[in-house]
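A quick write-up on the structure given underneath.
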Amino acid sequence: MAGQFETDVAILGAGPVGLFAVFELGLLDLKAHLVDILDRPGGQCTELYPEKPIYDIPGLTIVTGQELTDRLLQQVKPFAPEFHLGEMASGLDKLEDGRWRLKTDAGTEIVAPVVVVAAGAGSFVPKRPPIAGIETYEGKSVFYSVRKMEQFRGRDIVIAGGGDSALDWTINLAPLAKSLTLVHHRDGFRAAQHSVNKMRELAAEGKIAFHVASVKALHGANGALEAVTLAGADKKEWQHKADALLPFFGLTIKLGPIAEFGLNLHEDLIPVDTAKFESSTPGIFAIGDINTYPGKLKLILCGFHEAALMAQAAFHVCRPNEKLRFQYTTSSSSLQKKLGVA
Ligand SMILES: Cc1cc2nc3c(=O)[nH]c(=O)nc-3n(C[C@H](O)[C@H](O)[C@H](O)COP(=O)(O)OP(=O)(O)OC[C@H]3O[C@@H](n4cnc5c(N)ncnc54)[C@H](O)[C@@H]3O)c2cc1C
């Protein structure tokens with residue numbers, strides 16, 4: 281939706297923290313627009329682990345990345361945020377009237393007194409293994425993330441890698457797959473020990489196969505994989521039947537255009553003060569994984585706290601002549617009206 285928009289707050293990043301910021305801003309009557317390069321909200325939760333359970337969201341004993349995103353979307357509904365998805369935030373400049381203009385590569389311009397950078401790790405792209413022609417299979421039979429487990433039911437799957445993602449998906453997809461083979465170049469893993477133990481159990485029971493090997497070549501036509509060539513530690517090669525390959529070699533995290541916004545950065549993170557979560561540039565706030573301060577933990581719950589404090593400070597930038605009254609949602613009828621529950 282290219283166009284020019286004026287609002288109170290432009291949020292760069294629609295991950296969990298950007299979404300919760302909409303809620304905290306909404307309680308203070310501040311309207312928000314969100315920009316995200318991904319084609320859906322949820323950030324890492326929906327892009328990297330939509331079906332994995334999260335256990336440390338306060339009050340939710342267990343919630344998947346997708347469920348958490350769905351709940352956040354439901355929670356911000358009363359505040360009707362505007363999403364600009366599939367757009368890269370590509371430029372930021374200050375207007376003469378003191379407001380900021382956030383621009384995207386799709387031609388969208390959002391003018392606001394406050395910009396909240398909730399860009400997580402930046403624009404993240406999976407590391408592509410150096411296998412000739414792999415790009416022709418991507419999205420058809422080579423996948424770097426699992427969006428729907430059902431898509432893999434009854435398939436001959438090869439998973440490559442030795443980290444948490446490779447091990448987790450080996451364990452989670454094993455019951456659905458026709459066959460599942462994990463390949464890793466050595467018999468040692470960077471994953472959680474309980475996942476490694478579980479994988480070895482499955483292999484011992486014959487439910488999956490594990491080979492110390494690497495994927496050397498892909499065979500198939502029109503993006504439909506039929507087999508892969510594997511090479512063992514002794515360099516011996518063999519063909520292995522496969523119609524889905526999931527390489528998990530980590531992500532290349534690129535801060536992307538934010539690096540050119542003229543913000544003070546420390547190792548690709550934005551230093552903030554912990555009273556307001558404002559950067560050293562007035563009016564530009566940073567919350568969630570993208571910021572840094574002493575004691576920072578890259579946890580969703582920390583990002584939620586940061587969003588609450590940011591909103592209080594952003595209010596004073598957006599409404600310099602108005603007083604802010606602290607209120608509880610349990611007892612404030614005006615907050616309940618905003619939430620549509622009174
Ligand atoms: C496998 C895994 C498991 C995890 N488990 C847990 C857990 O159990 N508990 C927990 O608390 N945390 C967990 N985390 C960490 C948690 O996901 C992050 O802390 C959280 O996602 C940070 O939220 P965020 O909104 O700050 O950033 P993100 O979720 O990274 O979202 C940032 C968004 O900004 C967008 N963006 C960046 N740059 C641009 C740009 N220039 N233009 C447009 N869009 C841009 C990105 O596309 C992204 O959607 C886990 C992470 C991983 C990878």
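When you line the sequence shown up against our numbering, it's residues 281 to 622, in that order.
All residues carry an ideal CB built from backbone N, CA and C; glycine is no exception.
Computed from a prediction, not measured in an experiment: that's the story for all the values here.
- Residue range 580–598 is occupied by the alpha helix (DSSP H) that includes residue 596.
- Contact annotation, residue 421 with residue 290: C-beta distance approximately 39 Å; criterion of less than 8 Å not satisfied.
- Spatial neighbours of residue 436 in its own chain (CB-CB distance under 6 Å, excluding positions within 5 residues in sequence) are listed in chain order as 458, 459, 521, 522 and 523.
- Residue 326 is classed as buried because its beta carbon has at least 16 other beta carbons within 10 Å across all chains shown.
- Counting only residues of its own chain and dropping the five nearest sequence neighbours on each side, residue 352 has a CB closer than 7 Å to the CB of 296, 299 and 300.
- For residue 285, there is no enclosing alpha helix (DSSP H); the enclosing beta strand (DSSP E) has its first and last residue at 284–286.
- A Cβ-Cβ separation of about 5 Å places residue 554 in contact with residue 573 under the 8 Å criterion.
- Shown here for residue 454: same chain residues with a beta carbon closer than 8 Å to its own, the five before and five after excluded, namely 460, 482, 487 and 488 in chain order.
- Beyond the five residues adjoining it in sequence on each side, residue 360 comes within less than 6 Å, by CB distance, of no other residue in the same chain.
- For residue 519, there is no enclosing alpha helix (DSSP H); the residue is part of the beta strand (DSSP E) that begins and ends at 517–521.
- Residue pairing by DSSP places residue 344 opposite 333 in a beta bridge.
- Relative to ligand 1, the nearest heavy atom lies less than 8 Å away from the CB of residue 295.
- Less than 9 Å divides the Cβ of residue 552 from the Cβ of residue 566.
- The continuous stretches of beta strand (DSSP E) do not include residue 451, which lies in the alpha helix (DSSP H) extending over residues 444–453.
- Here the distance from the Cβ of residue 549 to the nearest heavy atom of ligand 1 is not below 8 Å.
- Remark: the shortest separation between the CB of residue 575 and any heavy atom of ligand 1 does not fall under 8 Å.
- Bounds of the beta strand (DSSP E) holding residue 509 are 504–512.
- Exclusion of the five residues before and after residue 338 leaves 581 as the residues of its chain whose Cβ lies within less than 7 Å of its Cβ.
- For residue 615, the enclosing alpha helix (DSSP H) begins and ends at 613–618.
- Beta-carbon to beta-carbon, residue 424 and residue 406 are separated by about 4 Å, close enough to satisfy the 8 Å threshold.
- Rounded to the nearest whole angstrom, the C-alpha separation of residue 514 and residue 534 is 36 Å.
- The residues 507 and 509, in chain order, have a CB closer than 6 Å to that of residue 519 in the same chain once the five nearest residues on each side in sequence are set aside.
- Only exposed fits residue 544, as fewer than 16 other CB atoms lie within 10 angstroms of its CB.
- Each of 331, 468 and 317 was checked against the Cα of residue 443, and the nearest Cα belongs to 468.
- In the three-state reduction of the DSSP assignment, residue 571 falls in the strand class, which pools E and B.
- The beta carbon of residue 356 sits closer than 7 Å to the beta carbons of 299, 302, 303 and 306 from its chain, once the five residues preceding and following it are set aside; these are given in chain order.
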